[in-house]
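See below for the structure under consideration.
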Amino acid sequence: MILDFSIDYKTAYGEQLVLNVVADETAETAETTAYRMVTTDGLHWTCRMNIKQVDLQPRLDYYYSVFNADGETTHEWITEAHRLDFSALNGTHYVVYDHWIDIPEDTYLYSSAFTECIHHRRETDVKVTRFGKTLRLAVRAPQLRTSHRLAIVGAGEALGAWNPARMIPMCEHHYNEWVVDLDASELESHQIEFKFIAFNATDKADVLWETGMNRTAEVPRMSAGDVVVYSLSQAFFPLYDVKLAGTMVPVFSLRSKTSFGVGDFGDLKKMIDFIALTRQRVLQVLPINDTTTTHTWTDSYPYSCISIFAIHPQYIDLTQLPTLKDENVRTHFEALRTELNSLPQIDYERVNEAKTAYLRAVYEQEKAKVLKSSGFKTFLKESGRWLVPYARYCSLRDAYGTAEFDKWPAHNSWDEVDRKVLTTASTKVFKEVAFYYFIQYVLSEQMSAVHQYARAKGVILKGDIPIGVSRYGCDVWMEPKYFNCNGQAGAPPDDFSVMGQNWGFPTYNWDAMLKDNCRWWVRRFKAMAKYFDAYRIDHVLGFFRIWEIPIDSVHGLLGQFSPSLGMTRDEIEAYGLHFQEQQFTKPFIADWVLDRVFGRHAAEVKAKYLVHTHDDIYDLRPEYDTQRKVEAAFEGKLSATDIQIRDGLYALISDVLFVRDRKDRDKFHPRISVQFSFVYEALYDSDKTIFNRIYNDYYYRRNNRFWYYEAMKKLPRLVEATRMLVCAEDLGMVPDCVSWVMNKLRILSLELQSMPKDSSVRFGNLAHNPYRSVCTISSHDTPTLRQWWQEDRERTQVYYNSMLYRGGAAPQPLPGWLARDILSNHLASPSMLCIFSIQDWMAIDERLRIADPDAERINIPANPKHYWRYRMHVNIEDLIADRDFRDNISELVEQSGRSN
1 MILDFSIDYK TAYGEQLVLN VVADETAETA ETTAYRMVTT DGLHWTCRMN IKQVDLQPRL
61 DYYYSVFNAD GETTHEWITE AHRLDFSALN GTHYVVYDHW IDIPEDTYLY SSAFTECIHH
121 RRETDVKVTR FGKTLRLAVR APQLRTSHRL AIVGAGEALG AWNPARMIPM CEHHYNEWVV
181 DLDASELESH QIEFKFIAFN ATDKADVLWE TGMNRTAEVP RMSAGDVVVY SLSQAFFPLY
241 DVKLAGTMVP VFSLRSKTSF GVGDFGDLKK MIDFIALTRQ RVLQVLPIND TTTTHTWTDS
301 YPYSCISIFA IHPQYIDLTQ LPTLKDENVR THFEALRTEL NSLPQIDYER VNEAKTAYLR
361 AVYEQEKAKV LKSSGFKTFL KESGRWLVPY ARYCSLRDAY GTAEFDKWPA HNSWDEVDRK
421 VLTTASTKVF KEVAFYYFIQ YVLSEQMSAV HQYARAKGVI LKGDIPIGVS RYGCDVWMEP
481 KYFNCNGQAG APPDDFSVMG QNWGFPTYNW DAMLKDNCRW WVRRFKAMAK YFDAYRIDHV
541 LGFFRIWEIP IDSVHGLLGQ FSPSLGMTRD EIEAYGLHFQ EQQFTKPFIA DWVLDRVFGR
601 HAAEVKAKYL VHTHDDIYDL RPEYDTQRKV EAAFEGKLSA TDIQIRDGLY ALISDVLFVR
661 DRKDRDKFHP RISVQFSFVY EALYDSDKTI FNRIYNDYYY RRNNRFWYYE AMKKLPRLVE
721 ATRMLVCAED LGMVPDCVSW VMNKLRILSL ELQSMPKDSS VRFGNLAHNP YRSVCTISSH
781 DTPTLRQWWQ EDRERTQVYY NSMLYRGGAA PQPLPGWLAR DILSNHLASP SMLCIFSIQD
841 WMAIDERLRI ADPDAERINI PANPKHYWRY RMHVNIEDLI ADRDFRDNIS ELVEQSGRSN
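Mapped onto the UniProt record's numbering, the consecutive letters of the sequence shown carry residue numbers 1 to 900.
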């Protein structure tokens, strides 16, 4: 069989167009076979393939790319590649006329969030035809709703003579792509004129005509066995953009009558019921990955995962497991469950200890049966790449009593040689790790069931991908080449933390990751797609540059963006600032500084922690010259004086004007927020002016284009890896290039009215939210609406008058009717998604909400040791039974046009 492909694409001199046939689209990295195309004018490109009948597959998926001497320069949107079906035809010669497909503006309509949850239609096989000569038309129509079907109608009897009653139905053979096969011998002329129409599957008289002029297509001379395929430009219909409402709640925060002191996957199903009943369509959760390193409450931080694949065991719904046969044991656990489930907050340590003990008991009872089951064996085979090292890591962590694998007496990194013995059921070591296989198998089965349940209910499950991983987690232990463990990831100072945030995660070795086309990240995203149809990229700025903090720092002020373009001495002096390396890069410690920082303790600090150098200038003693050394020296010292001295020493260490580049000692970075430091205060006013020019150029202009290209090396591959709807948290110190990349890749932004991206306004204008965005009021890192309302009365008053257009004094505390107005305003925004935390939804009902707003807070970013233990104070069953509250939410959703 002969296949001729033809496409028009304008190339530059030296560029080559290539047709890439996808061999296995489910593989980690899609396997392709490349076919060089030919041209005579740099515009019209063709390619011929000969396929033997024995090698013929039912379909061919492919895409086009452009190469030059340096390699691939660009390619089409590959998430939905071109598809050519053969099964319904008997052609021997195919001529395919394609057009180049860039990532579409409405790419979200191709996401599984829409194709599987909102506009769910089943793909169908192309209707079998045996025409001697066949003209096939293919067109994409992503706007169509669930009940819509596509058809063609046009001039001439063969196309229905423009009568919708005689339309020719088409087949959706691929997501949003429809095809129809026409008998070329019955077409009256060498050119057909037609249009596409959408009709209602339950009422064919209800039709929509595509917009624009009538279409035409040439019918070339054809011989028996010829098939001509036209891939046509997208069909557009007069249909409004879909807007959806949803709820954000961590899984651990869910509460039901059957849970075991923490939210679980059974509770998640119940929450999906609540979402569906209130006409919402999105349920967003925080990361569900395993975070267990110490078996203490510090593991409650859900963004410090030990495995990008493993799920936290606390989320297993124990009610779905086989009943324990020992009645005394059952009675014990039921009493414990009742006690833990009645607590106002999560007791992380007791809950996980109890659930682990329960799982051990079930495992010992059921392991013979489970480990021999086909489901378990399939899971072990399909997930073995990450599961086997993860189980080994967990067993060693518990055996050695620490997750700090560099302190283990052996097995300091994963050895692939161990895989065989760890997967051989007869070995001793298999018996040691099989419990962890069992837990992950159960978790995967339960979460997969939740995912399918959500789809059946028309609810989009939205997950969360943390920007970092635990320094002592399985990922770093297994593949250390991907991480820089001599640095710490964090965030520069912002509204959350004036000292910056130090998350403690290792930074990524992007050079190593890019060498294998970001395979580690692709695996991560593909694993996520098994359980979710949308996701939030945590701290998307980290894909442009990460705030990298020295390993010996506690706070984030001495960090620098990595990668970034550091400044040479000559560049700094070109601005007019005489660069004094010693004075600008060492802590500035003078008598007047010490008096200001330490007051009556200044003399004690000089004597114990400092060395006099000259005049009124001091240096830190070597044993106290880093924040980590100071932290260790003050371990366990909690008096007010000790804390004052410790924090004062931290401040002295951060008091530098420039930070030396971590990779090039001859380059420097202006220290973040240094305008609030003593070293800046000591500058002459003229030097302050010059330094501020350097500072503003460096942070807001210098790196913009550089960071754009850095992000474009990484994010396109990850966005294309799955069909999940891509959303990003793009808050903080956001360079201009972030919006360039997000618009290019069609990523949804995050919009908070209280944190506008326009620095010239105090509050954002909701009407100016882009459609491709997620609108919200609060997140897990911010105060809830009720907290925000009362924490700054002056700000609240301005908001009340200028944003809500109400006169007089703003009522305190926030009344339910006003909370409802605020939510209503947000729901009316143009944003595609409007997602509120469960706390903000409950704020509208004074009868239902908890009395103390502070009890609603999930996280305090300024506190790196925060205990994540917030739990809903109301059972989900009671929320579902509360008709007034349900109707209140449903009414808001419906009035805003988000009840699709």
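From the three backbone atoms N, C-alpha and C, an ideal C-beta is built for every residue, glycine too.
Check your understanding: Does DSSP put Q143 in a helix, a strand or coil?
Key -> It is coil, neither helix nor strand.
Exercise for review: Say whether the segment 691 to 701 touches the segment 668 to 676, bearing in mind that this needs 3 or more beta-carbon pairs closer than 8 Å, one atom from each stretch.
Suggested key: With a cut-off of 8 Å, the segment 668 to 676 and the segment 691 to 701 count as touching, because enough Cβ pairs lie within range.
Review point. Which ranges does the alpha helix (DSSP H) cover as unbroken runs of at least 4 residues, wholly within the segment 173 to 222, from first to last along the chain?
Key: DSSP assignment within the segment 173 to 222 yields no whole alpha helix (DSSP H) run of 4 residues or more.
Review point. In three-state DSSP terms, what is M567?
Key: Strand.
Point to revise | Inter-residue spacing [alpha-carbon to alpha-carbon] between V761 and G266 | key: Computed Cα separation, rounded: 44 Å.
Point to revise | Burial state of S223 (16 or more Cβ within 10 Å) | key: Flag for S223 reads exposed.
Exercise for review: Under 7 Å Cβ to Cβ from N412, same chain only, skipping five residues before and after it: list those, please.
Suggested key: Around N412: F405, D406.
Review point. When we look at the beta-carbon of S304 and count the other beta-carbons within 10 Å, is it buried (16 or more) or exposed?
Key: When all chains shown are included, S304 counts as buried.
Review point. Taking Cβ positions, are Q501 and A512 nearer each other than 8 Å?
Key: Going by C-beta atoms, Q501 is not nearer than 8 Å to A512.
Practice item. Tell me whether the beta-carbon of P756 lies closer than 8 Å to the beta-carbon of R857. Key: Here P756 is not near R857, since their CB atoms are 8 Å or more apart.
Check your understanding: What does DSSP give as the partner residues of D85 in its beta bridges?
Key -> According to DSSP, residue pairing for D85 in a beta bridge involves R59.
Practice item. Count the other C-beta atoms from every protein chain shown that fall within 10 angstroms of the C-beta of M213, then say buried if there are 16 or more, exposed otherwise. Key: Residue burial is scored here from C-beta neighbours: M213 has fewer than 16 other C-beta atoms within 10 angstroms and is therefore classed as exposed.
Point to revise | Assigned secondary structure, F532 (DSSP; H/G/I helix, E/B strand, else coil) | key: Reduced to three states, the DSSP call for F532 is coil.
Practice item. Pick helix, strand or coil for W45, following the three-state DSSP scheme. Key: Of the three classes helix, strand and coil, the one that applies to W45 here is strand, per DSSP.
Point to revise | C-alpha distance - L239 paired with T146, whole-angstrom precision | key: Approximately 13 Å, taken between the alpha carbons.
Point to revise | Backbone CA spacing between L56 and F438 [nearest angstrom] | key: The alpha-carbon atoms of L56 and F438 are separated by roughly 41 Å.
Exercise for review: List the endpoints of the continuous alpha helix (DSSP H) containing Y650.
Suggested key: In the DSSP annotation of this structure, the continuous segment of the alpha helix (DSSP H) that includes Y650 starts and ends at 640 to 653.
Point to revise | Nearest-angstrom Cβ-Cβ length linking D106 and H82, presumed shorter than 8 Å | key: In this structure D106 does not touch H82 by the C-beta definition: roughly 18 Å separates them, more than the 8 Å allowed.
Review point. So is G71 buried or exposed if we call it buried at 16+ other beta carbons inside 10 Å?
Key: That one is exposed.
**Study point:** Three-state secondary structure (DSSP) of Y508
**Key:** Correct three-state label for Y508: strand.
Check your understanding: First and last residue of the beta strand (DSSP E) that includes D226?
Key -> In the DSSP assignment, D226 falls within the unbroken beta strand (DSSP E) covering 226 to 231.
Check your understanding: Apart from the five residues just before and just after M733, which ones in its own chain have a Cβ nearer than 7 Å to its Cβ?
Key -> Within the same chain, M733 has close Cβ partners P492, D494.
Check your understanding: Are the CB atoms of G458 and C834 nearer to each other than 8 Å?
Key -> Taking C-beta atoms as the reference points, G458 and C834 fail to come closer than 8 Å.
Exercise for review: Note down the Cα distance separating S802 from V498, rounded to an integer number of angstroms.
Suggested key: Looking at the two C-alpha atoms, the distance is approximately 28 Å.
Exercise for review: Pick out the complete alpha helix (DSSP H) segments inside the segment 241 to 296, 4 residues or longer, and give them in chain order.
Suggested key: Runs of the alpha helix (DSSP H) inside the segment 241 to 296: 265 to 277.
**Study point:** F505 vs V469 beta-carbon contact at 8 Å
**Key:** With respect to the 8 Å criterion, F505 and V469 are classified as neighbours on the basis of their beta carbons.
Point to revise | Reduced DSSP secondary structure (H/G/I, E/B, other) of I51 | key: In this structure, I51 counts as coil in the three-state DSSP scheme.
Check your understanding: Given Y301, which residues of its chain have a CB within under 8 Å of its CB, disregarding the five upstream and five downstream residues?
Key -> So the list reads T291, H866, W868, once near-sequence residues are dropped.
Review point. Under a Cβ-count criterion, where at least 16 other Cβ atoms within 10 Å of its own Cβ denotes burial, should Y700 be classed as buried or exposed?
Key: By the 10 Å Cβ count, Y700 comes out exposed.
**Study point:** Residue from I645, R871, R795 with nearest C-alpha to I838
**Key:** Comparing alpha carbon positions, the residue from I645, R871, R795 closest to I838 is R871.
Point to revise | Bridge partners - C171, DSSP secondary structure assignment | key: Answer by DSSP bridge pairing, in chain order: V179.
Check your understanding: Does the distance from the CB of W841 to the CB of I876 come in under 8 Å?
Key -> Against a cut-off of 8 Å, the Cβ pair of I876 and W841 comes out as no contact.
Review point. T776 bridges to which residues according to DSSP?
Key: DSSP lists L752 as partners of T776.
Review point. DSSP three-state call for L766: helix, strand or coil?
Key: It is helical.
Review point. CA-CA distance, I346 and G261?
Key: Cα-Cα distance, rounded: 6 Å.
Check your understanding: Around the Cβ of P622, are there at least 16 other Cβ atoms within 10 angstroms (buried) or fewer (exposed)?
Key -> When all chains shown are included, P622 counts as exposed.
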